[in-house]
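A.B. asks: After the structure tokens below, expect a handful of questions from me.
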Amino acid sequence: MISDKLLDNTDVVIGKDELMESLSSGRKLKVKFGVDPTRPDLTFGHLVVFNKLRQFQDAGHEAILLIGDYTARIGDPSGRSELRPELTQKEVEQNASTYLDQAFKIIDKSKTIVRRNSEWFGKMAFADALTLSRSMTVARMLERDDFEKRFKSNQPISMVEFMYPLIQGYDSIVLESDVELGGSDQLFNMLVGRSLQKEKGARPQAVITLPLLVGLDGAKKMSKSYDNFIAFNDSSKDIFGKTMSISDEVMWDYYRLLLLKGKDEIDELKKAHPMESKKNLARELTGLFYGTKQAEKEYDSFSQVFSKGKDPEDIPKFSLSSLQLDTASLLNVLGETNLFESKGQIRRMIAQGGVKLDGEKVENADLIIDSIEEPGKIIKAGKKIFIRIVP
RNA sequence: GGGAGGGUGCCCGAGUGGCCAAAGGGAGCGGGCUGUAAACCCGCCGGCAUAAGCCUACAGAGGUUCAAAUCCUCUCCCUCCCA
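Number 198 in the numbering used here belongs to position 142 of the first sequence; there are no gaps in the numbering.
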């Protein structure tokens, strides 16, 4: 049953009965997913939703990717404790275009309709906006968890944030969407769309929320603002490495939500050694974005460096002749690689025994790096930073 | 319009004239343990400097003082109560 699979891994489904009916009628549904181009990178949190959108596409439905270029300039208050800064039109445009490049790594470009909400809001009159705002009451807005929390704890809520759910809901009217997808933090906004459609006498959209992916810290949802994310645009090395840094417990969520593995498959994987399963996860995720060959390479490289403690094959080089300062001390050399926050950080690292030169721990920051021949000495700082010193 | 309370380091938050680069927590970083991790333990955690020390920092601008995150003036921003 196709329609069953479409509801896998979902969190909440509103309007389920009508949705099941529509699906079995064979009608081609318009499936809306809105993205706010407020930040240039998509994370694996978004991947969960894009996977679902892709499944709808594969089942023959129409995907509408809504770029909230107009709303981006306001900022979605969902899950936020403060007002977002306003973005310029130009920033929004840039973000939108990189968004699309990234999104089409997962969804089928040829079957996707891209719309921008500036198309209709750009020419909307203020009077229309007022009419729209009649459809909502303050009390209903305050039902929203994050608004309520902010209100009660004396945090500011701007009027424009209050308008946000209405604006997003209006998109659904214009697009005549049958289904809207989003993260569970979007539930309220999407429901507003549903009720606006009803009010207009249109067929209300089904609302499907997808679970929020837990971030790298294993606690909070994956989000750019928590800096616990893997981005579509991360290097193959980072996708692999970051995946390996998640805890064993959340690994299964990643299998389920990102790779769409079924329960049976996961049960099978649980029998293997957790590290092997995690490496396998990292390899598959890397492969999704960089192809199996590159993923294989990262797999080998990771095993080399971390499991066997060897140096990786690709080490960034630093040429001593490019040194700006006179003394080629360890401190100065590392300082000029721009891989560290400050010389203070380097000093601390050295003092704490985190820096090795050709495998030997270095305790003196003033050690002079000299007599370099090919292939060069290797400095290791912490677990992840490697530098090859060349003449 | 009137009254009251606030704005502190990446985040939260203590600090009401010197002992403040500023308690505590979180995040982050290094080390240990391990299976890369997570958990746990130890350490670090503004910048420059070998060090002494210097510089920058407690919303912003001025001022008082030997000395200001702390006192005064003005400005900006936030919240609450009354209208």
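Here a beta-carbon is modelled for each residue, glycine too, at the ideal position from N, C-alpha and C.
As the structure is a computational prediction, the values presented were derived from the model and not from experiment.
How is residue 359 classed by DSSP in three states: helix, strand or coil?
C.D. replies: Assignment of residue 359 by DSSP, reduced to helix, strand and coil, places it in the helix class.
A.B. asks: For the alpha helix (DSSP H) that contains residue 249, what are its first and last residues?
C.D. replies: 243-255
A.B. asks: Find out if the Cβ-Cβ distance for the pair residue 89, residue 316 is shorter than 8 Å.
C.D. replies: no
A.B. asks: I'd like to check one pair, residue 173 with residue 243: are the Cβ atoms closer than 8 Å?
C.D. replies: No, these two residues do not count as a Cβ contact at 8 Å.
A.B. asks: In this structure, how does DSSP classify residue 196 when only helix, strand and coil are distinguished?
C.D. replies: helix
A.B. asks: Under the three-state reduction of DSSP, which class applies to residue 299: helix, strand or coil?
C.D. replies: In this structure, residue 299 counts as helix in the three-state DSSP scheme.
A.B. asks: For residue 365, does the count of other Cβ atoms within 10 angstroms reach 16, so buried, or fall short, so exposed?
C.D. replies: exposed
A.B. asks: Relative to the alpha-carbon of residue 424, which residue among 389, 259 and 246 has its alpha-carbon at the smallest distance?
C.D. replies: Nearest option by C-alpha distance: 389.
A.B. asks: Just confirm the distance between the C-beta atoms of residue 67 and residue 267, as a whole number of angstroms; I'd bet it's less than 8 Å.
C.D. replies: 5 Å
A.B. asks: Per DSSP, what are the beta-bridge partners of residue 162 in this structure?
C.D. replies: In the DSSP output, where bridge partners are listed per residue, residue 162 has none listed.
A.B. asks: How many whole angstroms separate the CB atoms of residue 232 and residue 86, which I take to be in contact at a CB cut-off of 8 Å?
C.D. replies: 6 Å
A.B. asks: Identify which residue in 170, 157, 431 and 187 has its Cα closest to the Cα of residue 373.
C.D. replies: 431
A.B. asks: In whole angstroms, what separates the C-alpha of residue 84 from that of residue 117?
C.D. replies: 5 Å
A.B. asks: Determine the direct distance from the alpha carbon of residue 219 to that of residue 249, and round the result to whole angstroms.
C.D. replies: Counting only the Cα atoms, residue 219 lies some 12 Å from residue 249.
A.B. asks: Could you tell me the alpha carbon to alpha carbon distance between residue 448 and residue 127, rounded to whole angstroms?
C.D. replies: No answer is possible for residue 448: it lies beyond the span of the chain, which begins at 57 and ends at 447.
A.B. asks: According to the Cβ coordinates, are residue 371 and residue 443 closer than 8 Å?
C.D. replies: yes
A.B. asks: Run the CB neighbour count on residue 215, radius 10 Å, all protein chains shown included, and call it buried at 16 or more, exposed below.
C.D. replies: exposed
A.B. asks: Helix, strand or coil for residue 112, going by three-state DSSP, please let me know.
C.D. replies: helix
A.B. asks: Going by Cα to Cα distance, which pick from 201, 108, 186 and 280 is closest to residue 159?
C.D. replies: For residue 159, the closest alpha carbon among the candidates 201, 108, 186 and 280 is that of 108.
A.B. asks: Using CA coordinates, which residue listed in 260, 280 and 298 is at the minimum distance from residue 230?
C.D. replies: 260
A.B. asks: Quick check on residue 207: does DSSP put it in helix, strand or coil?
C.D. replies: helix
A.B. asks: Is residue 105 near the ligand ADP, judged by its Cβ being under 7 Å from some heavy atom?
C.D. replies: With respect to the ligand ADP, the structure offers nothing, as it holds no ligand at all.
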